[in-house]
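Report on the structure given below.
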Amino acid sequence: MRWASRSTAMRGLLAAPLKQVGSRCCLSSPQTTSSAHSLRQGPRTHTTRGTKAPHGVRHTTTAKRHNRKVVKTSKRTLGAVTPDDFDRLRQLRKMQGLALGLLLAMAAVFVVSFALQQHYPWLSYVRAASEGGMVGALADWFAVTALFRRPLGLPIPHTNLISNKKDEIGDGLGSFIEQNFLADDVVHAKLSEISGARMAGDWLQQKDHAERLGDMIANAGLGALTVLNDNDVQELIEALVRKHMIEPEWGPLMGRALDSFLEGGHHEALLEVGADRLQEWLVQHPEAFDRMLSSRLPSWLPSIAQRFVDDRMHAEAVRFAQAVRDDREHPFRQAVGGFFADLARDLGEKPELQAQLEAFKHEVFDSPRIRSLAESTWATARAALVEMLEDPQSELRKRMLAALQDFGGRLRADSTLQYKIDVWVMQVVEHLVRNYRHDLAQVVSDTVRRWDAREAAEKIELQVGKDLQFIRINGTVVGSLAGLAIYTIATLVILPLTA
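The numbering used here puts the sequence shown at residues 1 to 499.
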């Protein structure tokens, strides 16, 4: 009778937790299948044939049933969505089943050894080991379960820890990341170990990678051209041109630019090129020069005199062009230099000339023809860009691909360029981390705060629940060994001392 009462008590003690743990290990049951099928088919209402339920009542009843099904399915799947999540869920259920199997095995061994230990004294050691294994299994089951929910649904203090401490966990995780992963020395050491420029060069050397990057750039350009409004772009360009080109006074600026041009002697090269082209044209087109000159001569002049004048003037013009080209001290060159020097001084000092230039400038840029020309130019350029970016075989895309591969080759071969880029990247990253590390860590804290408490616990259990089941398995094994050791010491050491 004593054995029967103890067995009944033990079965009652094990029934509730084993039932709960066992229910979590069932991945597919008729009820679950029915719930999933109901979710796929959508909520349905049930009314008595021949009667029509009010619309509001039917909608409320359907919503309640639907919510119950969703909650039940969520508890069984732990919020698994992706194939990887369901694979983790299967592994978790497998480990839960293994832990539960060990607990049931210990219970069965305990029952058998407890019943037969009077006939076989050595079974008392087996009973002690199985008893310790059950205690360890139940204790670790309670510890693991208390992380994610209330064991047996009882409001035991310091249980359901993740749901209750979700915000504190998020803050602690964000602080841990900020202090240990985003510290200055950690970031600097990590960036010093790698050469991002060389890796980028190796990556760009492969044609498929360069083509992929080129496609990304082309798609980004197409997206920008698609999103941008033509009127907005034209208004922006007009505003920039007006602010930086039209509104500033041109007179002093052009005077300084012309003065710098003259001081550098650049006008000499232009005069040489102009004189050389003039001489070449005169030599190659004497008839055109003669016709132009003859049209200016009196009609009563004899033709022989006209030919003489034409030939003489043509020869003088050729010699003049040659002299201007070859002689830097030619009076014509001096005169041109003096003219441009006076013009540069007058543009900077004479208000009358500056006012004339400003009036001409506004007249040109405010002309409707110039506006229409700018609009048509942008429309034509936009259409051409879209066409070239969409065509992988266009000249623009080919040049882009060649430029990316060439840049990758330079990154790969030029160690100086690698060093400059790596240092620049390191400085930029360290600056960003130094100034925004708290904001980056706050993203983690805010994300965890926005999670639903139950969903957060489910997400974490889905990720680490499989490994936590080893705690239950190890607890069973360690509990068995501890129970055996305690019973052995009590029987073989303590009991003889007290006898």
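Each residue gets a CB set at the ideal place from its N, CA and C atoms; glycine is no exception. A quick note: this is a predicted structure, and the numbers were derived from the prediction, not measured.
(message) Can you give me the C-alpha to C-alpha distance between ALA220 and GLY214, rounded to a whole angstrom?
(response) What you label residue 220 is simply residue 220 of the sequence shown in a count that begins at 1. What you label residue 214 is simply residue 214 of the sequence shown in a count that begins at 1. Looking at the two C-alpha atoms, the distance is approximately 10 Å.
(request) Using only alpha-carbon positions, find the residue among TRP281, SER294, ARG382 that is nearest to ARG522. (result) Given that the chain is displayed from residue 1 to residue 499, the structure contains no residue 522 and the question cannot be resolved.
(message) Mapping the DSSP letters down to three states, classify TRP250 as helix, strand or coil.
(response) As a working note, residue 250 is residue 250 in the sequence shown. Helix.
(request) Specify the secondary structure class of PRO157 as computed by DSSP and reduced to three states. (result) Numbered from 1 along the sequence shown, position 157 holds the residue referred to as residue 157. Coil.
(request) Please list the segments of the alpha helix (DSSP H) lying wholly inside the region 103–188, counting only runs of 4 or more residues, in order along the chain. (result) Listed in chain order, the complete alpha helix (DSSP H) runs (minimum 4 residues) inside the region 103–188 are 123–148, 161–164, 166–180.
(message) The alpha helix (DSSP H) that contains ILE243, what's its start and end?
(response) Here residue 243 refers to the residue found at position 243 of the sequence shown. Here residue 243 turns out to be Lys, not Ile, going by the sequence shown. First-last for LYS243: undefined, no H or E at that position.
(request) May I ask you to report which of helix, strand or coil DSSP gives ILE421? (result) Numbered from 1 along the sequence shown, position 421 holds the residue referred to as residue 421. Helix.
(request) Work out the CA separation of VAL423 and ARG412 for me, nearest whole Å. (result) The residue labelled residue 412 in the question sits at position 412 within the sequence shown. The residue labelled residue 423 in the question sits at position 423 within the sequence shown. Roughly 16 Å separates the two Cα atoms.
(request) Can you have a look at ARG397 and say buried or exposed, based on whether 16 or more other CB atoms are within 10 angstroms of its CB? (result) Within the sequence shown, numbered from 1, the residue matching residue 397 stands at position 397. Residue burial annotation: ARG397 is buried, with at least 16 other C-beta atoms found within 10 angstroms of its C-beta.
(message) Under 8 Å: do the region 480–492 and the region 117–137 share three or more Cβ pairs, one atom per stretch?
(response) yes
(request) Measure the CB-CB distance between MET95 and LYS466 and report whether it falls below 8 Å. (result) The residue you call residue 95 lines up with position 95 of the sequence shown. The residue you call residue 466 lines up with position 466 of the sequence shown. It is a contact, given that the beta carbons lie within the stated cut-off.
(message) Using C-beta distances below 6 Å, list every residue in its chain close to VAL433, excluding the 5 sequence neighbours before and after it, in chain order.
(response) Taking the sequence shown and counting its residues from 1, one reaches residue 433 at position 433. If we look at VAL433 and ignore the five residues flanking it on each side, its Cβ neighbours are LEU182, VAL187.
(message) Using C-beta distances below 6 Å, list every residue in its chain close to PRO345, excluding the 5 sequence neighbours before and after it, in chain order.
(response) For the purposes of this step, residue 345 is identified with residue 345 of the sequence shown, where counting begins at 1. As written in the sequence, residue 345 is Arg, which differs from the Pro given in the question. Taken in chain order, the list of residues that qualify is empty.
(message) I need the straight-line Cα distance from ASP185 to THR447, nearest angstrom please.
(response) Locating residue 185 in the sequence shown gives position 185, counting from the first residue. Locating residue 447 in the sequence shown gives position 447, counting from the first residue. C-alpha separation (whole angstroms): 26 Å.
(request) Evaluate LEU495 with the Cβ neighbour count: other Cβ atoms within 10 Å of its Cβ, from every protein chain shown; 16 or more gives buried, anything less gives exposed. (result) Residue 495 sits at position 495 when you count from the first residue of the sequence shown. By the neighbour-count rule (16 or more Cβ atoms within 10 Å), LEU495 is not buried but exposed.
(message) Distance check for VAL318 and VAL283, CA to CA, integer angstroms please.
(response) The residue labelled residue 283 in the question sits at position 283 within the sequence shown. The residue labelled residue 318 in the question sits at position 318 within the sequence shown. Rounded to the nearest angstrom, the two C-alpha atoms are 7 Å apart.
(request) Just tell me which of HIS119, LEU147, TYR120 has its CA closest to the CA of ALA456. (result) Looking up residue 456 in the sequence shown gives position 456. Out of HIS119, LEU147, TYR120, LEU147 has the C-alpha closest to the C-alpha of ALA456.
(request) May I have the straight-line CA-CA distance separating VAL444 from GLN206, to the nearest angstrom? (result) Counting from 1 along the sequence shown, the entry for residue 444 is found at position 444. Counting from 1 along the sequence shown, the entry for residue 206 is found at position 206. Between VAL444 and GLN206, the C-alpha separation is close to 36 Å.
(request) Could you check how far apart the C-beta atoms of LEU347 and GLN354 are, in whole angstroms? I think they sit under 8 Å. (result) The count along the sequence shown starts at 1 and reaches residue 347 at position 347. The count along the sequence shown starts at 1 and reaches residue 354 at position 354. At roughly 7 Å, the Cβ-Cβ gap stays under 8 Å, so LEU347 and GLN354 are in contact.
(request) At 4 residues or longer, and completely inside the region 421–492: list those alpha helix (DSSP H) runs for me, N to C. (result) 453–489
(message) The alpha helix (DSSP H) that contains HIS362, what's its start and end?
(response) Walking along the sequence shown from the start, residue 362 turns up at place 362. Note, HIS362: alpha helix (DSSP H), 351–365.
(request) Specify the secondary structure class of ARG328 as computed by DSSP and reduced to three states. (result) To locate residue 328, count along the sequence shown from 1; it is residue 328. Three-state DSSP puts ARG328 in coil, outside helix and strand.
(request) For the alpha helix (DSSP H) containing TRP300, list its first residue and its last residue. (result) Counting from one through the sequence shown, the residue named residue 300 turns up at place 300. Where TRP300 is concerned, there is no enclosing alpha helix (DSSP H), given that its DSSP letter is neither H nor E.
(request) Take GLN179 as the anchor and find which of TYR436, ARG369, ASP232 has the nearest alpha-carbon. (result) Your numbering for residue 179 matches position 179 in the sequence shown. Ranking TYR436, ARG369, ASP232 by Cα distance to GLN179 puts TYR436 first.
(request) State buried or exposed for ASN463, treating a residue as buried only when at least 16 other CB atoms are found within 10 Å of its CB. (result) As a working mapping, residue 463 is identified with position 463 in the sequence shown. First, the residue type needs correcting, since residue 463 is Gln and not Asn in the sequence shown. With fewer than 16 neighbouring CB atoms inside 10 Å of its own CB, GLN463 falls in the exposed class.
(request) Give the single residue among HIS438, SER394, ALA499 whose Cα lies nearest to the Cα of GLY174. (result) Numbered from 1 along the sequence shown, position 174 holds the residue referred to as residue 174. Among HIS438, SER394, ALA499, the Cα nearest to that of GLY174 belongs to HIS438.
(message) Can you confirm whether the region 374–390 touches the region 224–240 when touching is taken to mean that 3 or more C-beta pairs between the two stretches lie within less than 8 Å?
(response) yes
(message) Can you give me the C-alpha to C-alpha distance between VAL233 and ILE246, rounded to a whole angstrom?
(response) Numbered from its first residue, the sequence shown carries residue 233 at position 233. Numbered from its first residue, the sequence shown carries residue 246 at position 246. If I take the Cα positions, the gap works out to 18 Å.
(message) Considering Cα atoms alone, identify which of GLU349, SER124, LEU104, TRP451 is closest to MET254.
(response) Here the question's residue 254 lines up with position 254 in the sequence shown. Residue GLU349 is the option with its Cα nearest to MET254.
(message) Just to confirm the assignment, what range does the alpha helix (DSSP H) spanning ASN219 have?
(response) Counting from one through the sequence shown, the residue named residue 219 turns up at place 219. From DSSP, the alpha helix (DSSP H) with ASN219 extends over 207–227.
(request) Assuming ALA143 contacts LEU103 (C-beta within less than 8 Å), just tell me the rounded distance between them. (result) Residue mapping note: residue 143 aligns to position 143 of the sequence shown, counting from 1. Residue mapping note: residue 103 aligns to position 103 of the sequence shown, counting from 1. With a Cβ gap of about 14 Å, ALA143 and LEU103 do not count as contacting.
(message) What does the alpha-carbon distance come out to for the pair GLU316 and GLN334?
(response) In the sequence shown, residue 316 corresponds to position 316, counting from 1. In the sequence shown, residue 334 corresponds to position 334, counting from 1. Approximately 20 Å between the Cα atoms of the pair.
(message) Classify PRO368: buried if its beta carbon has 16 or more other beta carbons within 10 angstroms, exposed otherwise.
(response) Here residue 368 corresponds to residue number 368 of the sequence shown, with the count starting at 1. Exposed: under 16 other Cβ atoms inside 10 Å.
(message) Quick check on ILE370: does DSSP put it in helix, strand or coil?
(response) Translated into the one-based positions of the sequence shown, residue 370 becomes position 370. In this structure, ILE370 counts as helix in the three-state DSSP scheme.
(request) Confirm the yes/no value for this check: CB of ALA384, any heavy atom of the ligand MN, distance under 7 Å. (result) Among the components of this structure there are no ligands whatsoever, and the ligand MN is therefore not found.
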